[in-house]
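Only one structure is covered here, and it is reproduced in the block below.
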Amino acid sequence: MDNKSVYWKRFRSLFTVFDAPLAILLFLIISTGIVTMYSAGLDWPGRVEHHIRNIVVAFFVMWIVANIPPQTLMRFAVPLYVLGVTLLIGVAMFGIVKNGSRRWLNVGTVVQPSEILKIALPLMLAWYFQKREGALRWKDFVIAVVILAIPAGLIAKQPDLGTTILVFVAGFSIIFFAGLSWRLLGALTIIGLASLPLVWKFLLHDYQRHRVEIMFDPTVDALGKGFHIIQSMIAVGSGGLTGKGWRGGTQSHLEFIPEHTTDFISAVYLEEFGFMGAAFLVTLYFLFVVRGLMIASNAPTLFSRLMAGAVTMIFFTYAFVNMGMVVGILPVVGVPLPFVSFGGTAMVTLGMGAGILMSIQHHRKLMKS
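Convert by adding 509 to the 1-based position in the sequence shown; the result is the number in my numbering.
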């Protein structure tokens, strides 16, 4: 065998960690995102270049994580969770305040610890249930809820409702997939519904209550908080069946849609590509979720199954909440569209999540061979 063949085999082996169906879906979603970002970022010099840079960084993170066996990932669960909660406590005590929210901490560089918990919390809960596999009792689920409630409560206090939702979904999906009984789930649901008036009155800030009220009737503050939703719905509705065409959206290019490269980029996409474009993108996310759940169902260990399920639910929640708030069925909470919206931290977090899915699938194949 000549040197070229040896080098080619080594190079190709570096990328065998990627799950082909998942990689193809990611490629299509990212390509759609770049095309949309080019249009949405016309008035933002360098925005497309920075977006592509974020994608490259996320791809590198995904590749690194995909090469790490799930057993090794499990070793990081406790220290990463403890680090994340410690930093959240630091934010509560010494955090940097921006726009009325205390979400950042200066540790030599400015970090947002809540992003760590999007991965650290499901890791911790998956590790916890793996250690108790075969001997689960109802008390174990109570402890798991406490493990979830600590970071979720600290993040909600900042306040950061969007990240709180994402962290809660990631953690609760682990608890559900671990075997939470329907009876206990029903009890928790009843308690949750009964506590909504208390949450509304004492836990939500005034602006958060206002966002929920605006969701039901944006016209009550049409020139204020409702402006975002109204203009977004106008953009979505004007897209019609096939859209106005690439770079042909008027709502975004005339600056009616706020944050049109981040939280509301899906409004730009829907205006320019219409219902057909929406069906295409929703199908891609749906297939991604289906593939993630398939990886979870075939995973060889409880830890792997729980992590794959949680990561898949994170992607689903990102996409569902973003599109829901753009069309006005959910309040605006600042959740980006996965691999489409501009944002370095979210892109890296999502890349890490995709890497975990690929690691689980790749190392399952290695165990079988």
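The C-beta atom is built at its ideal place from N, Cα and C for all residues, glycine as well.
Bridge partners of lysine 607 according to DSSP: Ser610.
Pairing threonine 759 with glycine 852, the inter-Cα distance amounts to about 24 Å. DSSP places valine 619 in the strand class (E or B) of the three-state scheme. For a cut-off of 8 Å, the C-beta gap from leucine 779 to glycine 786 is around 7 Å, short enough to register as a contact. Close CB contacts of aspartate 730 within its chain, under the 7 Å cut and outside five residues either way in sequence, are with Ile723 (chain order). For isoleucine 738, the enclosing alpha helix (DSSP H) stretches over residues 735 to 747.
Of the candidates Leu632, Thr672, Thr771, Thr771 places its Cα closest to the Cα of histidine 737.
Cα atoms of tryptophan 636 and glutamate 768: separation of roughly 38 Å, rounded to the nearest angstrom. Where threonine 821 is concerned, the enclosing alpha helix (DSSP H) starts and stops at 811 to 835. Of the other Cβ atoms in all chains shown, fewer than 16 fall within 10 Å of the Cβ of alanine 696; this residue is therefore exposed. Asparagine 576 carries a coil assignment under DSSP once its states are collapsed to helix, strand and coil. Between the C-alpha atoms of alanine 575 and aspartate 649 there is a straight-line separation of about 30 Å. Straight through space, the alpha carbons of asparagine 608 and alanine 817 are spaced by roughly 35 Å. With a cut-off of 8 Å on Cβ pairs, the region 834 to 841 is not in contact with the region 703 to 711, counting fewer than three such pairs. For the pair isoleucine 823 and glycine 862, the CB atoms are nearer than the 8 Å cut-off. Contact annotation, isoleucine 561 with glycine 593: C-beta distance approximately 29 Å; criterion of less than 8 Å not satisfied. Taking the CA atoms as reference points, isoleucine 628 sits about 8 Å from valine 676. When secondary structure is reduced to three states using DSSP, glutamine 667 falls in the coil class, being assigned neither helix nor strand.
Sequence-distant Cβ neighbours of glycine 864 in its own chain, meaning closer than 6 Å and more than five residues away, are Met571, Val574, Ala575. The criterion of a C-beta distance shorter than 8 Å is satisfied by alanine 549 and isoleucine 774. Around isoleucine 539, the same chain offers Ile564, Phe848 as residues with beta carbons nearer than 7 Å, after the five sequence neighbours per side are excluded.
Judged by their CB atoms, glutamine 639 and phenylalanine 812 are nearer to each other than the 8 Å cut-off. Assignment of aspartate 715 by DSSP, reduced to helix, strand and coil, places it in the helix class.
Counting along the chain, proline 530 sits inside the alpha helix (DSSP H) bounded by residues 529 to 549.
Linking proline 578 to glutamate 781 through their CA atoms gives a straight-line distance of about 42 Å. The continuous alpha helix (DSSP H) containing phenylalanine 789 extends over residues 774 to 807.
Put simply, the backbone Cα of isoleucine 683 is about 34 Å away from that of histidine 559. Shown here, phenylalanine 585 sits in coil according to DSSP, grouped into three states, outside any helix or strand.
Just measuring C-alpha positions, the residue of His872, Leu859, His871, Lys874 sitting nearest phenylalanine 569 is Leu859.
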